[in-house]
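The sequence shown begins at 10 in my numbering and counts up one residue at a time.
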Amino acid sequence: MTDDLATWSAPVLDSFLDLLIEPAAEPTLAITVKRATPVAEMTMTRRLSYDEDDVNSSASDATCSSKNSTAQQRYRKRQKRELEYLRDQVAEMSAHLTVLKSIRGLETSQSSFWEKKARVQKLSSQKAAQENARLKDAVEEQLKIAETLNQLLVKRPKLAAFPTMDTVDWRLRRLSTDKASRDACLRALLQDGYDHVDTMLLRQNLFDVPSGHKSVTVRLNEAGTALATSVQGVHRIASNYLTLASRLWTIWNDPHNTEFERIFRSRVLDKVDDNIVYCEHIEHFRGAVPYLYRLCATQRYIENDRVVFVVQTILDDPLHPPPPGLYVSNDQLTVIFERVSETETIRRLCVSGELPIAPPPGSPLTDNPQHLICDFILHEMTQCFDQLEAVFG
């Protein structure tokens, strides 16, 4: 140790001695702060970021929830206001409709006869215009289909049907063998005749002619290919219109009636309902030899002040083919019993139709010239009309 001290220099030795002589200092707590490494800094930053995102997300969720709740409340309030508005509109329109109905009822009750007829004609005209537009669209559609079929050169499947096929049969006055289809065809045909009753009466001027009017005409049609027949009659009867109509309907429905024996042989083929009947008539030449075959459907329409009978002939019925050698009737008949008072009725009758000029093969009129055939048809129709008037009352 002495040798070692001898080798130290004087200044160093003095400093060492001073340290030995000075009292020891109190121990102090040493705190070292280490600088964070980049990974630690990144971890800390992410942790702070995640915490901030959680706080922001919670605040955002709360804000969105509040906004959604507010939007739903506004939507519900708007729906409620719209519903209340629609209810008010319904109530207002219902009240307006009630007023219009009452006004229409007053107008109808206080309208004159001709005002009622004009109103009916207006409705009929509107309905005819709608039907015309529908048929026009149907024809255009059929033309497109036909053109497409021609382009494809493919036959139409048997099960396919055009959209207006339901209107073809009754417009051609042709029945099928299916019961439901036959009934539908008869109803459509009779309804069409009923829709044109007033138009026909106006065209024939039967509203203005006096009681006792009678007219029977047979002439060539405009094309000169057929005989156009027309019968008109107006008669005032001292009886109730419902009583007269009920009597006629009873006779027409009776399958064993004898009232028409002097006019034609009648047979009821089918009864569709209480107001529609389908019959067969065979008229005889001079009461002995049959010359005309008629299949006709009849419907009764009961109105407030009149009863209307519409008779439409059927030209083709596979269930009831016409006998050979007979004319096939092609006409329509309208009989109206209109109330004048409780004990008085005015009856209007109108028949119009066509028959071919040339009689069918085997007819008793085959060897007669045209003018004699016209005279014969006129004579038979006059007798038939007189006897019908006796039956109708």
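Note that beta-carbon positions come from the ideal geometry of N, C-alpha and C, so glycine has one too.
Residue of the options minimising C-alpha distance to residue i
i	options	result
F216	Q88, V99, I355 and F401	I355
V298	I345, W123, Q308 and P332	P332
Y287	R256, Q321, L257 and F273	Q321
Q379	E389, G371 and P365	P365
C359	T226, N377 and L152	T226
S118	C383, N313, T79 and T259	N313
Q213	T107, D384 and S361	S361
According to DSSP, residues forming a beta bridge with residue i
i	result
G242	K223 and L358
E353	S350
Q321	A306 and Q341
K280	V286
I260	Bridge partners of I260: none, in fact.
S275	H290
E363	A237 and N339
R228	A237
P299	H293
I311	V316
R183	D325
Proximal residues to residue i (C-beta, below 8 Å), its chain only, five neighbours per side dropped
i	result
P219	V243
S133	D204, H205, D207 and T208
D325	L181, R182, R183 and L184
I112	none
E91	none
S248	T352, E353, T354 and G402
Close-in-space but distant-in-sequence residues of the same chain around residue i (CB under 6 Å, 5 per side omitted)
i	result
A189	none
S18	Any reading at S18 is ruled out, since the residue's pLDDT is 49, under 50, leaving its predicted position unreliable.
A237	R228, N230 and E363
P368	L374 and T375
Burial state of residue i (16 or more Cβ within 10 Å)
i	result
I311	exposed
A254	buried
G202	buried
Q82	exposed
S350	exposed
Q241	buried
I386	buried
V102	Checking the sequence, you will find Met at residue 102 rather than Val. Burial call: exposed.
Q341	buried
L304	buried
E289	buried
V344	buried
A127	exposed
L144	exposed
A306	buried
W123	exposed
D384	exposed
Y336	buried
Residues of its chain near residue i, where Cβ-Cβ distance is below 7 Å and the 5 sequence neighbours each way are ignored
i	result
Y250	R315, V316, F346, E347, R348 and T354
N284	Q308 and R309
T186	P327 and L328
G371	P333 and G334
D146	none
V48	Because V48 sits at a pLDDT of 43, beneath the cut-off of 50, its placement in the model cannot be relied upon, and the following sentence gives the value as read from the coordinates. Closer than 7 Å at Cβ, skipping near neighbours: no residue.
W258	R309
With a cut-off of 8 Å, do at least 3 Cβ pairs link the region 294–303 to the region 219–237?
-> no
Please confirm if the region 261–275 is in contact with the region 387–398, defined as three or more CB-CB distances below 8 Å between the two stretches.
-> yes
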